[in-house]
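Peer 1: Got a structure here, written out as structure tokens. Questions coming.
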Amino acid sequence: MKIGIISFAHSHAHSYAHALQSIENIEIVGIYDDNKERGNEAARKYCSNYYDNLEHFLRLPLDAVIIASENAKHHEHTIAAANKGIHILCEKPIATTVEHAREMIDVCKKNNVLLQIAFPVRFSTPVGKGKGIINSGEIGNIVAIKGTNRGTNPGGWFVNKEDSGGGAVMDHTVHVVDLLRWYMNANVKEVYAEIGNLISEDEIDDSGIITMEFDNNVFATLDCSWSRNDSFPTWGDVTLEFIGTKGTLSIDAFSQKTDVYSNDGAHWDFWGDDMDAMLVEDFINNVKSNKNPSITGEDGLKALEVALASYESSSRKQPVEVD
174 MKIGIISFAH SHAHSYAHAL QSIENIEIVG IYDDNKERGN EAARKYCSNY
224 YDNLEHFLRL PLDAVIIASE NAKHHEHTIA AANKGIHILC EKPIATTVEH
274 AREMIDVCKK NNVLLQIAFP VRFSTPVGKG KGIINSGEIG NIVAIKGTNR
324 GTNPGGWFVN KEDSGGGAVM DHTVHVVDLL RWYMNANVKE VYAEIGNLIS
374 EDEIDDSGII TMEFDNNVFA TLDCSWSRND SFPTWGDVTL EFIGTKGTLS
424 IDAFSQKTDV YSNDGAHWDF WGDDMDAMLV EDFINNVKSN KNPSITGEDG
474 LKALEVALAS YESSSRKQPV EVD
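Below is the structure:
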């Protein structure tokens, strides 16, 4: 199978490329990036060819592409690839506007193209086991949920709203919303959010507390911040605590680690799941088998709607309904 990568703007592009190289009968036939230095460097590193023209790149005999460009460019790149009949794994968030996300979904359907969204945390072993426990009814009916997705400010284009669509709330809300929808088969119907710029010097949101009400009457709160400083043992976390009528369940998506303490301070030696690799392998298998995507464009749209409603709620200082 012949795969291309559109942009190495997002750091996950490197883990996706490493994953592709580990899968038999997969060839990275080309890399497109509008940043020539970045694109050439990636092409050398992954033994591929660099293209600075998207149209020329899409003329390659591509079965699929992985899109890891700036958030605001996902729409352009997805539409272009879909119109060539090329299957797509798109980095999250799916887009920066609802209108763009819907158009991406529609064009992919029109061209019979698989559109899968990159929510790799679904492939974490602790997360998967947690879903099994909840589905079994062991902790009863879910009443409330507390979640965190706290990381380090990535800087660069992430703090430029024109490229990213938003700061920490855009970056981190979509992951957890996707997990909760997947766990409960329920959608968010109302959001109340308090969002601020409290930590960094960048003029973009770096802190947020979001309260969500789902259509199954479950309430959830989420700390979706860039609150981790440079000396913190790791870049961030994804945790969930479920309160049920028969018990509680705590999940740490990145708990497969060893705490290491030395004269240089503390750090976490992560030995667990390579979620990005599992995501890529799942996508490749879906393309090969002509299966529906495991994480659909609609999943990406629903997560995006909550992030955008959070910004609206914070601006209006009142709850906002989610369509």
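Residue numbers (this note's numbering): 174 to 496.
Built from N, CA and C at the ideal position, the CB exists for glycine as well.
1. If I follow the unbroken beta strand (DSSP E) through V316, where does it start and stop?
2. Since E386 sits in a beta bridge, which residues does DSSP pair it with?
3. Which same chain residues, not among the five before or five after P492, have their C-beta less than 7 Å away from its C-beta?
4. T321: buried (16+ other C-beta within 10 angstroms of its C-beta) or exposed?
5. Please classify A241: does DSSP put it in a helix, a strand, or coil?
6. Does the separation of the CB atoms of V347 and P293 fall below 8 Å?
7. Since D449 contacts H185 with CB under 8 Å, what's their CB separation in whole angstroms?
8. Note down, one range per segment and in chain order, each beta strand (DSSP E) of at least 3 residues found wholly within the segment 256-298.
9. Below 8 Å on the Cβ atoms is my contact criterion, and I expect A291 with L452 to pass it. Report the Cβ-Cβ distance as a whole number of Å.
10. Spatial neighbours of D446 within its chain, please: CB distance less than 7 Å, with the 5 preceding and 5 following residues excluded, ordered by chain position.
11. Of the choices V349, V332 and C220, whose alpha-carbon is the least far from that of I201?
12. Classify N326: buried if its beta carbon has 16 or more other beta carbons within 10 angstroms, exposed otherwise.
13. What does a CB cutoff of less than 8 Å around E505 pick up in its chain, not counting 5 residues either side in sequence?
14. Should N244 be labelled buried (16 or more other beta-carbon atoms within 10 Å of its own) or exposed?
15. For A215, which of helix, strand or coil comes out of DSSP?
16. Quick check on the burial criterion: 16 or more other C-beta atoms within 10 angstroms. Buried or exposed for E264?
17. Specify the secondary structure class of K304 as computed by DSSP and reduced to three states.
18. Quick check: what's the CA-CA separation for I306 versus V495?
19. In three-state DSSP terms, what is H440?
20. What residues match up with L413 in a beta bridge as DSSP calls it?
21. Less than 8 Å between the CB atoms is what I'm expecting for K490 and N360, so what's the real figure, rounded?
Peer 2: Result, derived from the coordinates:
1. Taking the first residue of the sequence shown as 1, we reach residue 316 at position 143. Its beta strand (DSSP E) spans residues I315 to T321.
2. For the purposes of this step, residue 386 is identified with residue 213 of the sequence shown, where counting begins at 1. Answer is E363 and F392.
3. By 1-based counting over the sequence shown, the position of residue 492 is 319. Cβ within range, chain order: E363, V364, Y365 and S486.
4. Residue mapping note: residue 321 aligns to position 148 of the sequence shown, counting from 1. Its Cβ being crowded by 16 or more others within 10 Å, T321 is buried.
5. By one-based count along the sequence shown, residue 241 stands at place 68. Coil at A241, not helix or strand.
6. The residue given as residue 347 occupies position 174 in the sequence shown. The residue given as residue 293 occupies position 120 in the sequence shown. Against a cut-off of 8 Å, the Cβ pair of P293 and V347 comes out as no contact.
7. On the sequence shown, position 276 is the one that residue 449 refers to. On the sequence shown, position 12 is the one that residue 185 refers to. Sure, about 6 Å apart at Cβ, within 8 Å.
8. 260-264 and 288-291
9. Numbered from its first residue, the sequence shown carries residue 291 at position 118. Numbered from its first residue, the sequence shown carries residue 452 at position 279. Between L452 and A291 the Cβ distance is about 6 Å, and since that is below 8 Å, they are a contact.
10. Taking the first residue of the sequence shown as position 1, residue 446 is located at position 273. Hits under 7 Å: F296, S297, T298 and Q429.
11. Counting from 1 along the sequence shown, the entry for residue 201 is found at position 28. That would be C220, whose Cα lies nearest to the Cα of I201.
12. The count along the sequence shown starts at 1 and reaches residue 326 at position 153. Result: buried.
13. Past the boundaries of the shown model lies residue 505; the chain is included only from 174 to 496, so the question cannot be answered.
14. Locating residue 244 in the sequence shown gives position 71, counting from the first residue. Label assigned to N244: buried.
15. Within the sequence shown, numbered from 1, the residue matching residue 215 stands at position 42. Residue state, collapsed to three classes: helix.
16. Within the sequence shown, residue 264 is the residue found at index 91, counting from 1. Buried is the call here.
17. What you label residue 304 is simply residue 131 of the sequence shown in a count that begins at 1. Of the three classes helix, strand and coil, the one that applies to K304 here is helix, per DSSP.
18. On the sequence shown, position 133 is the one that residue 306 refers to. On the sequence shown, position 322 is the one that residue 495 refers to. Rounded to the nearest angstrom, the two C-alpha atoms are 28 Å apart.
19. Taking the first residue of the sequence shown as 1, we reach residue 440 at position 267. Correct three-state label for H440: strand.
20. Start at 1 with the first residue of the sequence shown, and residue 413 comes out as number 240. Paired residues: G320 and I424.
21. Locating residue 490 in the sequence shown gives position 317, counting from the first residue. Locating residue 360 in the sequence shown gives position 187, counting from the first residue. Not a contact, Cβ separation roughly 24 Å.
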